[in-house]
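Report on the structure given below.
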Amino acid sequence: MNTLRVYVEGVGLWSPQLADFAAFTSLLAGSMPTLPATRPGAATLPPNERRRAPESVLLAAEVAGQAITMSGRDPATLACVFASAHGDQPITDYMCATLAQAPAELSPIRFHNSVHNAAVGYWTIATGCLAPSTAVAAQRFSFGAGLLEAVSQVLAEQQPVLLTCSDTAGTQPLLEVTGCSQPFGCALVLVPGASAASLARLDLTLTPRLICTELAEPLAGWREANASAAALPLLTLLARGHGRCQLDAAATLGLQIDMGSIA
Amino acid sequence: MPALMTPLAITAYTATSAIGHGLAAQLDALRHERSGLRPNDFSSAPLDCWVGRVDGVEDASLPAALAAWECRNNRLTWLGLNQDGFLDRVHAARERYGAGRIALLLGTSTASIGATEEAYRRLDPDGGFADDMLRPAIHAPHSLVGFAAAALGLEGPCLTISTACSSSAKVFASAERMIRLGLVDAAVVGGVDTLCDSVLFGFNALELVSSVPCRPFDAARNGISIGEAAGFALLERADVAPAAPQLLGYGEASDAHHMSTPHPDGLGAELALRDALARAGLDAAQVDYINLHGTASLKNDEVEAALVSRSFPARTRASSTKGFTGHTLGAAGIVEATIALQAIEHGLIPGNLGGSTPDPICGEQFAWHNEQQRVDVALSNSFGFGGNNACLAFARAGFAA
């Protein structure tokens, strides 16, 4: 199996405990970062859209904006891969509850916000991005499978790609089947070659073995509370600056990732 | 400009929609200009519209080993996989390459949301899901692909692409990239969407659903008819199947304009078209047939007709086949890809069913009724909410651009 080599130029991260990747790095170093605002700021969206957009869109736009800012790239030119295990659970809950009681009263805005590509749609509109954009899902493997899709776009097209993976929290009764009780989102700007903006080099190898890297405290349990937090082993590597991790990319497919320093 | 693409062989394909189970039924309906639309007999509450409902989904029960995946969308998936010997072709490819060397990339707009709707219609007295609905895998967007991976025994890359109505066109692009990079040797692509209250009442709320059978590109068109479908294709390197039709190219682009209406100048649609032609090494004049997105919404058809007029000579034939199948949403890309492939195989340009009073914006390219002619190159357009555009280019075996 050949190795897939890409470079990371930007990292975004948001959860109710962590405002950004710097906060995550300081958490790993043992300090207690300042808590973020209760809703993701999503400064990239114009104020009108920010007011109207559901939380799932704000979360994806927040982490995407952080990663883009770190990379210094123009978001209008970047292909986008937006992953989410469950899409917008509050909208799914609203739609199913309304359809069960008064289907003719369904809100048109909530319906068009219910598509899985709503977040990437808002993002491309806000940034004037005409590049290819996609929205993907793979249950609890959404981050690994989304990363594989993003990396294959980076290498096959020799172009930078913005990857996000995010899920907001669900409420009952949907929560019982999604198990998603905490918001979590992250983003990476991935590019085909090294540059002055490179933060890390990643070598990815597909493997049939499924041995997902364990998470130590304080992160243990985060993956159970949010499928997108499956990214944490890779984010930990990026924070520490070296090492190897393994993620699941499908029910029967692993992704081994070796992080190298920038030569 | 994208690099010229090495064509891929399409070694098997199939489609199941309102015009029938499998390719022979589809071809027969196209040949006889027979629509599969019927008055809505599906939604849980009355809604005055027409739908493209697939007969027999209710009877297509899943094998016992797959019973945990039971729901209407997965029943349609299973029904679709069992047409045209497609299952056998995938099994043979699995023997040849190994289960881990075949990607599974399927598009869907709503997956099995219909099952989640049902769970909400019959919640337990305590407000929770009934015991038989406590199956997490069917209440997630990945339900279709998770089920198909289990049904096909595939162990390679496995991804749901959900970009609304362009979903099952974009899977061809992802597959080509993975094969080109050597991650896999083959890919099963396709898509499935089933009728459900979410899309019927959702599009109705947007005032995009017609109360009569949809009339793509007709001057009096007033909205879509929603349909359901399952379709699949097997992609392999061209050298293993030199006699098979080919995927010559694909294009993808975003409108950056609006969540639910297309760019007024068709900006993203045109970028996707140019990208597909460049990747395929084609001039527009070499295109024999375009299967249009042609939803029968006012805006889509206006923008797409203008794009056809300014991009193609009169000899290029164009039509929407939504009047046959209805708009099958996330499955539209694959269903219309199979119609484009049948156009090549059988020399049939399907007529633009439902367009009895052509909108004057439509150019000479439009085939309002069936035409019989050799087709070497066929395109398929698919555009989705969020301004998500895709265009696919197919060709006869041995075609050299």
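Top to bottom, those sequences are chains Z and B. Going from the first sequence to this note's numbering is simple: count from 1 and add 4. Going from the second sequence to this note's numbering is simple: count from 1 and add 4. From the three backbone atoms N, C-alpha and C, an ideal C-beta is built for every residue, glycine too.
Inset, instruction - Return no unless some Cβ of chain B is closer than 8 angstroms to the Cβ of Z/A139. - result: yes
Inset, instruction - Find the nearest neighbour of B/L27 within the set B/G89, B/D63, B/W82, B/S214, judged by alpha-carbon distance. - result: B/G89
Inset, instruction - Using only alpha-carbon positions, find the residue among B/G131, B/V55, B/E37 that is nearest to B/D45. - result: B/V55
Inset, instruction - Please check if any C-beta of chain Z sits within less than 8 angstroms of the C-beta of B/E121. - result: yes
Legend entry - Option nearest Z/F147 by Cα separation, candidates Z/G14, Z/D24, Z/G264, Z/G258: Z/G258
Inset, instruction - Report yes or no: is there a C-beta of chain B within less than 8 angstroms of the C-beta of Z/F115? - result: yes
Legend entry - Burial state of B/A68, where buried means 16 or more other Cβ atoms lie within 10 Å: exposed
Legend entry - B/P266 versus Z/E109, Z/P79, Z/G125, residue with shortest Cα-Cα distance: Here the closest residue by C-alpha is Z/G125.
Inset, instruction - Look up Z/Q260 in the DSSP assignment and give the residues it is bridged to. - result: Z/T209, Z/Q250
Legend entry - Best match in B/G186, B/A276, B/S229 for proximity to B/L204 [C-alpha to C-alpha]: B/S229
Inset, instruction - Mind checking the stretch 82-101 of chain Z against chain B and listing, in chain order, the residues whose C-beta falls within less than 7 angstroms of any C-beta there? - result: A89, H90, G91, T96, M99, C100, A101
Legend entry - Beta-carbon proximity list for B/D363, same chain, < 6 angstroms, skipping 5 on both sides: F221, A223
Legend entry - CB contact below 8 angstroms: B/E256 versus chain Z: yes
Inset, instruction - Kindly say whether B/F133, judged by its beta-carbon, lies nearer than 8 angstroms to any beta-carbon of chain Z. - result: True, the Cβ-Cβ gap to chain Z drops below 8 angstroms.
Legend entry - Residues that B/C395 bridges to, as DSSP identifies them: B/G255, B/N385
Inset, instruction - Please name the residue in B/L85, B/G391, B/R321 whose C-alpha comes closest to that of B/A234. - result: Cα-wise, what sits closest to B/A234 is B/L85.
Legend entry - Segments of 4+ residues assigned as alpha helix (DSSP H) that fall wholly inside the stretch 303-363 of chain B: Every alpha helix (DSSP H) of 4 residues or more that sits fully in the stretch 303-363 of chain B is shown, in chain order, as 326-329, 336-350.
Legend entry - B/H146 at chain Z interface by Cβ criterion, 8 angstroms: yes
Inset, instruction - Run down chain Z in chain order and give the residues with a C-beta less than 7 angstroms from the C-beta of B/T167. - result: N121, T138, A139
Legend entry - 8 angstroms Cβ cutoff met for B/L34 and B/L345: Not closer than 8 angstroms, so no.
Inset, instruction - Anything in chain Z within Cβ reach of B/C162, meaning under 9 angstroms, just list it in chain order. - result: Residues of chain Z whose Cβ lies closer than 9 angstroms to the Cβ of B/C162 are, in chain order, A142, F145, A149, A253, A254, A255, T256, L257.
Inset, instruction - Give the single residue among B/F133, B/T329, B/T342, B/G355 whose Cα lies nearest to the Cα of B/A16. - result: B/T342
Legend entry - Span separating the alpha-carbon of Z/L22 from that of Z/S170: 14 angstroms
Inset, instruction - May I ask you to verify whether the stretch 211-218 of chain Z touches the stretch 163-172 of chain B, counting CB pairs closer than 8 angstroms and requiring at least 3? - result: no
Legend entry - For B/V291, three-class secondary structure by DSSP: Per DSSP, reduced to three states, the secondary structure at B/V291 is coil, with no helix or strand assignment.
Legend entry - Z/S19 - partner residues in DSSP beta bridges: Z/L22, per the DSSP bridge assignment.
Legend entry - Under 7 angstroms by beta carbon: chain B residues contacting Z/S232: Those within 7 angstroms of Z/S232 in chain B number zero; the least Cβ separation is about 13 angstroms.
Legend entry - Local Cβ density within 10 Å of B/P317, reported as buried at 16 or more and exposed below that: exposed
Legend entry - For Z/G69, the three-state DSSP class (helix, strand or coil): Of the three classes helix, strand and coil, the one that applies to Z/G69 here is helix, per DSSP.
Inset, instruction - Return the chain-ordered ranges of every alpha helix (DSSP H) run that is complete within the stretch 177-222 of chain Z and spans a minimum of 4 residues. - result: Taking only runs of at least 4 residues, the alpha helix (DSSP H) segments lying wholly in the stretch 177-222 of chain Z are 179-182.
Legend entry - Start and end residues, alpha helix (DSSP H) containing B/L148: 147-156
Legend entry - chain Z contacts from the stretch 184-209 of chain B (Cβ-Cβ distance under 7 angstroms): R184, L185, G186, L187, D201, S202, F205, G206, A209
Legend entry - Beta-carbon proximity list for B/R278, same chain, < 8 angstroms, skipping 5 on both sides: G255
Inset, instruction - Would you verify that the beta carbon of Z/I129 is, or is not, closer than 8 angstroms to some beta carbon of chain B? - result: yes
Inset, instruction - Over the uninterrupted beta strand (DSSP E) stretch that includes B/G285, give me the two end residues. - result: Element bounds for B/G285: n/a, residue is neither H nor E.
Inset, instruction - Pair every Cβ in the stretch 238-251 of chain Z with every Cβ in the stretch 204-220 of chain B, then say whether three or more of these pairs are closer than 8 angstroms. - result: Too few Cβ pairs lie closer than 8 angstroms, so no.
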